[in-house]
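Peer 1:
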Amino acid sequence: MIAVTSPLLSVEDLHVEIATRRGRVKAVDGISFEVQEGEAVGLVGESGCGKSMTLRAILGLLPRGGRITRGRVLFRGTDLRSLDRERLRDIRGRSVSMIFQEPMTALNPVMRVGEQIAEGPIAHLGATRRAGRRRALELMRQVGIPDPDRLSRAYPHELSGGLRQRVMIAIALASGPELILCDEPTTALDVTIQDQILKLLLELQAANDIGLIFVTHDLAVVSQMCTKVAVMYAAQVVETGTVASVFVDPRHPYTLGLLRAVPDFDNVKGMLASIPGIPPDLASPPDGCRFRARCDLAADDCATGAFPLIPLDGGRASSCIHCSEMQRAISDSAVIARADELWTSPER
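Numbering that gives the first Met the number 0 numbers the first residue of the sequence shown as 0 and each following residue consecutively.
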């Protein structure tokens, strides 16, 4: 009999609302996904689709006016929503950590970076200040920060963007987490530094068997970092599966649109492909499929009803009720070639 292991993290039917002047915005609307130990899962989609808000909801770090209205966030079987503030803070610093998109707003500008790295071991592992400093220097070496003795005494503004992001990674690793949430951690970096940071995260994940959730709008980054992907649109997950299957054989028109929009640097003639239209207003989302106004496959039956994920072959799922017609839609050989190139790139 094969033993069934429970996931490291399970997000079940998560709903998040944010109070605004225009009313309550449904920032996350009924999403579900799982992360196993040592697995990297990508959350992809356009800006404003709810990716970053999902990470903040997992850690209980919603902005003012935000609240979870329904759903569960299970970490090793424990619903994080049921924990008091002190217990949640302990898990947040010890077992689950986060790498933010912009380190200059996440790091304390008046604390030396070595002290910020040492905070986790001191607060959550009971380390002395001396042991915390040793741990900080060790992590700075591990993440590739040169001359850690000197740079540990630097303030964030004295470091380059790449070094600041390495400090953020060191802080995330400081207490030995089992799960790291990455909120577009390389967006503000140039491509050379971005590649270094991504390779570093992959090495650290493999060495420590850490689970990763990687939020990004860059499909090439997902192909490099992740084994599974959840595609989000208008606060909902519209397709899930392995990166290999979703990229080469998409089963939702929105996923296909994202793949068509990936630049092909070997063929720079003409305009970049784009998805026509704009996402719906999440303060008053439309009935039916939220992508239908931008979709080539939309029909009358897309206008009403709920569109949950439909299980497909190979452990995949799609919310498109016309996904059986996707083979005809993806007959564009150029799209398939680009998707296959993403998946079979040397970084894999």
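All C-beta atoms in this analysis are idealised placements derived from N, C-alpha and C, irrespective of residue type, glycine included. Just so it is clear, the structure is predicted and the values come from calculations on it, not from any experiment.
1) I need the DSSP call for Cys322, collapsed to helix, strand or coil.
2) With DSSP as the reference, label Ile277 as helix, strand or coil.
3) Expressed to the nearest angstrom, what Euclidean distance is found between the alpha-carbon atoms of Pro262 and Leu218?
4) Beta-carbon within less than 8 Å of Pro62's beta-carbon, same chain only, minus the 5 sequence neighbours each way: which residues are those?
5) From Lys50 to Val214, what does the alpha carbon distance come to, in whole angstroms?
6) Relative to the C-alpha of Arg66, which candidate in Leu13, Arg111, Ala173 has its C-alpha closest?
7) Roughly how many angstroms separate the alpha carbons of Tyr154 and Leu162, rounded to a whole number?
8) Please list the segments of the beta strand (DSSP E) lying wholly inside the stretch 206-236, counting only runs of 3 or more residues, in order along the chain.
9) Output yes or no for whether 9 Å exceeds the beta carbon distance between Val109 and Thr53.
10) By alpha-carbon positions, which one of Asp89, Phe99, Val24, Gly304 ends up nearest to Thr68?
11) Look at the Cβ atom of Thr185, then the Cβ atom of Leu201, and state whether they are nearer than 9 Å.
12) Which residue or residues does DSSP assign as beta-bridge partners of Met97?
13) Under 8 Å, with one C-beta from each stretch per pair, do the stretch 170-181 and the stretch 95-105 reach the 3-pair mark?
14) Which residue marks the beginning of the beta strand (DSSP E) containing Asp28, and which one marks its end?
15) Between Leu138, Met325, Ile144, Gly119, which has its C-alpha nearest Phe246's C-alpha?
16) Between which two residues does the alpha helix (DSSP H) harbouring Ala135 extend?
17) With a 10 Å radius around its C-beta and 16 neighbouring C-beta atoms as the bar for buried, classify Thr303 as buried or exposed.
18) In angstroms with no decimal places, state the Cα-to-Cα distance between Gly287 and Pro252.
19) With 9 Å set as the bound, which would you pick, yes or no: does the beta-carbon of Arg163 sit closer than that to a beta-carbon of chain B?
20) By DSSP, does Phe246 sit in helix, in strand, or in coil?
21) By how many angstroms is the C-alpha of Gly125 removed from the C-alpha of Asp146?
22) Which residue or residues does DSSP assign as beta-bridge partners of Ala171?
23) Have a look at Ser222, Asp280, Cys319 and flag the residue whose alpha-carbon is nearest the alpha-carbon of Val43.
24) Quick check: what's the CA-CA separation for His321 versus Cys225?
25) Using 8 Å for Cβ pairs, my map puts Arg71 next to Glu33. What's the rounded Cβ distance?
26) Pull up the distance between the alpha-carbon of Ala169 and that of Asp83, whole angstroms please.
27) Using a threshold of 9 Å, state whether the C-beta atoms of Arg152 and Gly119 are closer than that.
28) Do Leu60 and Leu8 have their CB atoms nearer than 9 Å?
29) Any heavy atom of the ligand NAP within a distance shorter than 8 Å of the CB on Leu258?
30) What's the call for Met167, buried or exposed, on a 16-neighbour Cβ count within 10 Å?
31) What is the rounded straight-line gap between the Cα of Val142 and the Cα of Leu158?
32) Tell me the rounded alpha-carbon separation between Leu257 and Ala187.
33) For Ser174 versus His123, is the C-beta spacing smaller than 9 Å?
34) According to DSSP, simplified to helix, strand and coil, what is Arg88?
35) Could you spell out the range, first to last residue, of the alpha helix (DSSP H) harbouring Ala122?
36) Taking the alpha-carbon positions, what's the Pro307 to Ser317 distance?
Peer 2: So, from the listed chains and residues:
1) helix
2) coil
3) 11 Å
4) Ile17, Arg55
5) For Lys50 and Val214, the gap between their C-alpha atoms comes out near 6 Å.
6) Ranking Leu13, Arg111, Ala173 by Cα distance to Arg66 puts Leu13 first.
7) 11 Å
8) 210-215, 227-232
9) no
10) Nearest option by C-alpha distance: Val24.
11) no
12) Leu180
13) Touching, yes, given that three or more Cβ pairs across the two stretches are closer than 8 Å.
14) 22-34
15) Met325
16) Ala135 -> alpha helix (DSSP H) spans 128-141.
17) exposed
18) 15 Å
19) Of the chains in the structure shown, none is chain B; there is only one protein chain.
20) The three-state reading of DSSP puts Phe246 in helix, counting H, G and I together.
21) Using only the alpha carbons, I get a separation of about 26 Å.
22) Its beta-bridge partners do not exist; DSSP assigns none.
23) If we check each option's Cα against that of Val43, Ser222 comes out closest.
24) 27 Å
25) No, Arg71 and Glu33 are not in contact; Cβ-Cβ is about 12 Å, not under 8 Å.
26) 27 Å
27) no
28) Leu60 places its beta carbon 9 Å or farther from that of Leu8.
29) Among the components of this structure there are no ligands whatsoever, and the ligand NAP is therefore not found.
30) buried
31) 15 Å
32) Leu257 and Ala187 have their alpha carbons spaced roughly 21 Å apart.
33) yes
34) helix
35) Looking at the DSSP string, the run of the alpha helix (DSSP H) that includes Ala122 is 112-123.
36) Rounded to whole angstroms, Pro307 and Ser317 show a C-alpha spacing of 8 Å.
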